[in-house]
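Trainee: In full-length UniProt numbering, the protein residues as written are 1 to 481.
Got a structure here, written out as structure tokens. Questions coming.
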Ligand code: FRU
């Protein structure tokens, strides 16, 4: 169904039960629904939101447009989890039902405050002339999902930004609450603002200044900034839209990158000695990553495996977007590692020695070792002719190549059908997670990651080891959320 802006911003209550049933019937025909990953029942999912720990459980929301594969009027869809592997839909959806979020409850974060979950989000409003007015709003949710929004915005648009000002992330640094917000300055360059909670009261915010992280000022907007701390070192994750490719090469329409700092100086609004830029993910889509320091001591992250302004094969079936697996972030010898949380191992069924398989159910994990000085190749989601998702691991030259050109339905062709990732010229391990139309590949237990979507044909479910020495284990994974 083509979505013009009338349809995208049509009030939720105007969608009839018959229309919703028709959308659901269409989703049910989709051959590409996931089994382990968070995916909307219908409509479009984008950014993860409000990833937090509250009342003894993890909470994870996502941006949701419920009526088809379009970026329309957004709400926050709520899930909870005990183990960060199984997520339960609670039935709570935070709706754009307030004068301060008339055109969408946009992205934001959450943190427990006393016995409530504080939700810090962007209220997207547009006036009669379709001029955007972004408000950084607050709300308090009880464990039962009742949510009371504040009457006044917590932060309004600063004088030195355009209307692109959104995605507040609250964080606690040494007992003081701060927030960062992504924006665009008056010269249309991306920037990040730092705020401090006055008297440590999350209802009162004061600007400290523009965050200094050696911003190259080539991007036009910084979406979804997150600042987390590992061993007291700040890691800034963000999405610099329009970043000049001479500053940092990337293939996807929009990148999701990070910098590691030596220290954080909140009074000066500075990340001290920021590193160069690094790619968070070398695959075809990974965006709007949300990370937080969990009270259990872990730094956790989750991403949208999708991108803005890209059409997906699932659009015909009225659904789009999934969230990644939840990953734990660690620093080893100054390098960021991202690896699925330990509890994911509980999904493994009996280990089977990896060999050619003509048919699987496309829900599994592979744990593979490739020796140094070799060139190996395998094809996943393979048909009888060996066409599928091709992975070449070259430890002679230090390069991993992923090619999805033979893997089912093609899309986003202008951004290329292959991705490359530099690897070390040593023995290399891969943990590969496949879930119907999702792949997540972790090199050397998270030193590098490649994630993305692939939309196989009905006969593409095999595994082929086509070249070089490959040894490993195949684990079918238990389904269910
Ligand atoms: C990133 C983003 C955010 C915004 C949200 C709206 O994908 O554009 O900046 O808050 O999506 O859905």
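Idealized CB from N, CA, C, for every residue including glycine.
1. Closest to residue 347 by CA distance: which of 477, 30 and 139 is it?
2. Run through the region 151-224 for me and flag every whole alpha helix (DSSP H) of 4 or more residues, listed as ranges in chain order.
3. Give me the DSSP bridge partner(s) of residue 64.
4. Within the continuous alpha helix (DSSP H) that includes residue 7, where are the two ends?
5. Quick check: the region 369-379 against the region 442-450, are at least 3 beta-carbon pairs closer than 8 Å?
6. Specify the secondary structure class of residue 362 as computed by DSSP and reduced to three states.
7. In terms of DSSP beta bridges, what is residue 332 paired with?
8. Considering residue 27, what are the terminal residues of the alpha helix (DSSP H) in which it resides?
9. If you measure between the beta carbons of residue 412 and residue 305, is that distance less than 9 Å?
10. Between which residues of its own chain and residue 363 is the CB-CB distance below 8 Å, once the five residues before and five after are set aside?
11. What do you reckon, are the CB atoms on residue 64 and residue 44 nearer than 9 Å?
12. DSSP three-state label for residue 415, please.
13. Quick one: is residue 408 buried, meaning 16 or more other Cβ sit within 10 Å of its Cβ, or exposed?
14. Going by DSSP, what residues sit across from residue 435 in a beta bridge?
15. In the DSSP assignment, what residue or residues form a beta bridge with residue 448?
16. Return the CA-CA distance between residue 185 and residue 472, expressed in angstroms with no decimal places.
17. Given a threshold of 16 other Cβ atoms within 10 Å of its Cβ, counted over all protein chains shown, does residue 350 qualify as buried or as exposed?
18. Out of 237, 253 and 236, which has the shortest C-alpha to C-alpha gap to residue 244?
19. For residue 272 and residue 158, I'd like the C-alpha separation in whole angstroms.
20. Candidates 2, 112, 104 and 90: which alpha carbon is nearest residue 50's?
21. Taking the beta strand (DSSP E) that residue 124 falls in, what are its first and last residues?
22. Tell me whether residue 483, by its Cβ, gets closer than 8 Å to a heavy atom of the ligand FRU.
23. With a threshold of 8 Å, establish whether the CB of residue 63 neighbours any heavy atom of the ligand FRU.
24. Measuring CA to CA, which of 394, 241, 195 and 201 is closest to residue 208?
25. Where does the unbroken beta strand (DSSP E) through residue 88 begin, and where does it stop?
26. Who pairs with residue 305 in a beta bridge, going by DSSP?
27. Residues in the same chain with beta-carbon distance under 8 Å from residue 270, minus the five sequence neighbours each way, listed in chain order, please.
28. Out of 41, 345 and 140, which has the shortest C-alpha to C-alpha gap to residue 26?
29. May I ask whether a heavy atom of the ligand FRU can be found less than 8 Å away from the beta carbon of residue 304?
30. Would you kindly work out how many angstroms separate the C-alpha atoms of residue 327 and residue 110, rounded to a whole number?
31. May I ask you to check if the CB of residue 104 is nearer than 8 Å to at least one heavy atom of the ligand FRU?
32. Do you know offhand how far residue 295's Cα is from residue 231's?
33. Please go through the same chain and pick out, in chain order, the residues whose beta-carbon is closer than 7 Å to the beta-carbon of residue 89, but skip the five residues on each side of it.
34. What residue range is occupied by the uninterrupted beta strand (DSSP E) comprising residue 379?
35. With a cut-off of 8 Å on the beta carbons, I'd call residue 260 and residue 228 a contact; round off their distance for me.
36. Could you spell out where the beta strand (DSSP E) holding residue 352 opens and where it closes?
Mentor: Taking the definition as stated:
1. 477
2. none
3. 45 and 75
4. 5-8
5. no
6. coil
7. 335
8. 17-28
9. no
10. 35, 36, 434, 435, 436, 476, 477 and 479
11. yes
12. helix
13. buried
14. 363 and 438
15. 443
16. 50 Å
17. exposed
18. 253
19. 25 Å
20. 112
21. 116-126
22. Examination of residue 483 is not possible in this model, given that the chain is present from 1 through 481 alone.
23. yes
24. 195
25. 88-94
26. Answer is none; residue 305 lacks a bridge partner.
27. 211, 212, 213 and 264
28. 41
29. yes
30. 18 Å
31. yes
32. 14 Å
33. 79
34. 375-382
35. With 8 Å as the limit, residue 260 and residue 228 do not qualify as a contact, their Cβ atoms being about 11 Å apart.
36. 348-353
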